[in-house]
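Residue numbers (full-length UniProt numbering): 1 to 212.
Have a look at this one:
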């Protein structure tokens, strides 16, 4: 039986260029999701369910922190894409690679809100597990929109919270919605799933139900 010829592999330069253009599109989509553009489909508002990962312990002066509070008001995540007409980009356009590199560096160096450091905080978001598949989850990233770090590139560092729960739990998994409560720290951490600008240690984690 004749051997089937191996599929033709595109030259590396072409593959890198195509990846750069796709990466720019993905980052722009992530930035728009982060800003909550009205053109996107509205996400269901989470409704809290009984806590399952730990017994809730009241924190003094706890405050519900919205995602927009984590970034300075004058910081624009879409700044690296200003003046870039995505409709004119070709797969071999060097502007795509340049924009991708600039956007990644800009998002990694995103400024934090120092006023949140040491504050008792409560936040709701999506889970990106940092523990092994199938294991009880204790350490995870909390991100503001579905698919972040999984289906789209990580959000800016000032939109990612590195959470270490008070105890491991199997009650939630990646992309489930949870509410976390603990002491917020402005502290950078690098993980295999993305960079975080904030940390929440010893956190109580509540599972959340989403209406459909």
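Note that the Cβ used here is the ideal one computed from N, Cα and C, for glycine as well.
Handout entry: Three-way DSSP call (helix, strand, coil) for residue 108 in this model
Key = helix
Exercise for the section: Kindly identify the DSSP beta-bridge partner or partners of residue 162. Expected result: 141 and 199
Practice task
Mark residue 72 as exposed unless 16 or more other C-beta atoms lie within 10 angstroms of its C-beta, in which case mark it buried.
Solution key: exposed
Exercise for the section: Please work out which residues of its chain come closer than 8 Å, Cβ to Cβ, to residue 75, disregarding the five sequence neighbours upstream and downstream, and give them in chain order. Expected result: 110, 111 and 158
Handout entry: Residue burial classification, residue 173 (beta-carbon count within 10 angstroms, cutoff 16)
Key = exposed
Exercise for the section: Please go through the same chain and pick out, in chain order, the residues whose beta-carbon is closer than 8 Å to the beta-carbon of residue 43, but skip the five residues on each side of it. Expected result: A caution first: residue 43 carries a pLDDT of 41, below 50, which makes its placement in the model too unreliable to give a value.
Problem - Among 61, 101, 187 and 181, nearest to residue 125 - alpha-carbon criterion - result: 181
Problem - Rounded C-alpha distance that separates residue 140 from residue 67 - result: 17 Å
Problem - Straight-line gap, residue 150 to residue 128 (C-alpha atoms, nearest Å) - result: 8 Å
Practice task
Between the Cα of residue 163 and those of 179, 154 and 171, spot the shortest distance and give me the residue it belongs to.
Solution key: 179
Problem - Check whether residue 143 and residue 156 have beta carbons under 8 Å apart - result: no
Problem - Classification of residue 80 by the beta-carbon crowding that lies within 10 angstroms, buried from 16 upward - result: buried
Handout entry: Span separating the alpha-carbon of residue 134 from that of residue 167
Key = 16 Å
Practice task
Under 8 Å by Cβ, that's how I've got residue 116 and residue 184 pegged, so tell me the actual separation to the nearest angstrom.
Solution key: 5 Å
Problem - residue 97 versus residue 165 - alpha carbon distance - result: 38 Å
Problem - Classification of residue 131 by the beta-carbon crowding that lies within 10 angstroms, buried from 16 upward - result: exposed
Practice task
Alpha carbon to alpha carbon, how far is residue 136 from residue 56? Give it in angstroms, no decimals.
Solution key: Caution applies to residue 56, whose pLDDT of 47 falls short of 50 and renders its modelled position unreliable; the value that the coordinates give is listed next. Distance between the alpha carbons of residue 56 and residue 136 is about 19 Å.
Practice task
Can you grab the Cα-Cα spacing for the pair residue 176 / residue 102, in whole Å?
Solution key: 31 Å
Handout entry: Euclidean distance between Cα positions of residue 62 and residue 152
Key = 32 Å
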